[in-house]
Ligand code: EPU
């Protein structure tokens, strides 16, 4: 590990990424790091930059498909407690990029802070949610975000206030290497009322989407004013299979990777769905998941 000497304690080679993703498929990362502190992360990022090693950040792995051949360079995961701190100041809640979005939602609901409960059921980490402006029809995370701390590819830490942040449909200006933390300004409300509202959102989600592992949220973005799931369904594609990959029967914008599925199966199925929807309905779909 010449280029990365001194980081042996937090870097592994040829780490299989499948168990770190919701699809549970895909090849290894050439290098994989789980730094323990922000300083260690900064030192590692600087070394990676000096040596021009391509670097990616993995959040909860719920919006990513790793190719079977794996990922060259470094994959970093913020699994250490240093990246999972949460604190509350009045109506503001600050949380580390490694915090699970679900945990942040439970904490805010318990504390009587309203807004994030509409995101219940969305998997992944806060960093991933901010990067892709995760949301539902009831709202997205960007609308509650007032601050973020990021780390650049050269290892510099920068604070961004509300005026430096832009969010759009499944898109944000937070595209630096690492999202260290986010701050959210929420509304004060009765915690019991909020819990009830969160439960309602949860019931709707559970009824309409295949929750759990072996899939990775919606595969395609919704074209303006339309639902990709409805289009795929209308094109008669529910249940369509390529190898072990299958268009979900519950919601057509989800792909389920059954036992033995490869990433290649999922990629072929994505292409098949895209071309059939274009052919049958004249709409071009764009993928929402990231393919590594
Ligand atoms: N529909 C079908 N067949 C299907 C799926 C949906 O006919 O297989 C119909 C539904 O009956 C409904 C309409 O399509 O009339 C819209 O469906 P839904 O409410 O499920 O919303 P969606 O547009 O398919 C979006 C987000 C989801 C989010 C839900 C609920 C995107 C790509 N999808 O789905 O987000 O959870 O609204 O708020 O924006 C994600 O982004 O990963 C994701 C899961």
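Numbering (this note's numbering), first residue to last: 792 to 1083. All C-beta atoms, glycine included, are put in the ideal place defined by N, C-alpha and C. Bear in mind the structure is a predicted one, so any value in this text is a computation, not a measurement.
Distance between residue 900 and residue 880 (C-alpha atoms, nearest Å): Against the chain shown, residue 880 aligns to sequence position 89. Against the chain shown, residue 900 aligns to sequence position 109. Straight-line spacing of the CA atoms in residue 880 and residue 900 works out to 15 Å.
Limits of the unbroken beta strand (DSSP E) element including residue 951: Taking the first residue of the chain shown as position 1, residue 951 is located at position 160. Where residue 951 is concerned, the enclosing beta strand (DSSP E) stretches over 948–952.
Beta-carbon gap between residue 826 and residue 839 smaller than 8 Å: On the chain shown, position 35 is the one that residue 826 refers to. On the chain shown, position 48 is the one that residue 839 refers to. In this structure, residue 826 sits away from residue 839, with a CB-CB distance that is not shorter than 8 Å.
Residue burial classification, residue 1056 (beta-carbon count within 10 angstroms, cutoff 16): Here residue 1056 refers to the residue found at position 265 of the chain shown. Buried: at least 16 other Cβ atoms inside 10 Å.
Residue 922 beta carbon near the ligand EPU (any heavy atom closer than 7 Å): As a position in the chain shown, residue 922 is number 131, starting the count at 1. It does not: the Cβ of residue 922 is nowhere closer than 7 Å to a heavy atom of the ligand EPU.
Same chain, Cβ closer than 6 Å to residue 868, neighbours up to 5 away in sequence not counted: Taking the chain shown and counting its residues from 1, the one referred to as residue 868 is at position 77. Hits under 6 Å: 825, 849.
Any 3 or more C-beta pairs closer than 8 Å across the region 1035–1046 and the region 915–929: No: fewer than three Cβ pairs fall under 8 Å.
Proximity of residue 871 and residue 946 at Cβ, strictly below 8 Å: In the chain shown, counting from the first residue as 1, residue 871 sits at position 80. In the chain shown, counting from the first residue as 1, residue 946 sits at position 155. Taking a C-beta distance under 8 Å as the contact criterion, residue 871 and residue 946 do not qualify as a contact pair.
Residue of 1080, 873, 973, 1028 minimising C-alpha distance to residue 892: If you number the chain shown from 1, residue 892 lands on position 101. A check of alpha carbon separations from residue 892 across 1080, 873, 973, 1028 identifies 973 as the nearest.
Buried versus exposed call for residue 960 [16 or more other C-beta atoms within 10 Å across all chains shown]: Within the chain shown, numbered from 1, the residue matching residue 960 stands at position 169. Answer is exposed; the Cβ neighbour count stays below 16.
Cβ-based burial, residue 792 [other Cβ within 10 Å; buried from 16]: On the chain shown, residue 792 is found 1 positions in, with the first residue counted as 1. Burial call: exposed.
Where residue 863 falls: helix, strand or coil (DSSP): On the chain shown, residue 863 is found 72 positions in, with the first residue counted as 1. Three-state result, residue 863: strand.
Pairwise C-alpha distance: residue 991 and residue 863: Taking the first residue of the chain shown as 1, we reach residue 863 at position 72. Taking the first residue of the chain shown as 1, we reach residue 991 at position 200. Between residue 863 and residue 991, the C-alpha separation is close to 43 Å.
Same chain, Cβ closer than 8 Å to residue 1049, neighbours up to 5 away in sequence not counted: Here residue 1049 refers to the residue found at position 258 when the chain shown is read from its first residue. The beta carbon of residue 1049 sits closer than 8 Å to those of 1005, 1035, 1036, 1037, all from its chain and outside the five residues before and after it, given in chain order.
Continuous alpha helix (DSSP H) stretch holding residue 989: start and end: Here residue 989 refers to the residue found at position 198 when the chain shown is read from its first residue. Here the alpha helix (DSSP H) through residue 989 covers 982–999.
Rounded distance between the beta-carbons of residue 985 and residue 905, thought under 8 Å: Taking the first residue of the chain shown as position 1, residue 905 is located at position 114. Taking the first residue of the chain shown as position 1, residue 985 is located at position 194. Between residue 905 and residue 985 a beta carbon distance of about 6 Å is seen, short of the 8 Å cut, so the two are scored as contacting.
Residue of 818, 828, 909 minimising C-alpha distance to residue 942: Here the question's residue 942 lines up with position 151 in the chain shown. Measuring C-alpha to C-alpha distances from residue 942 to each of 818, 828, 909 identifies 828 as the nearest.
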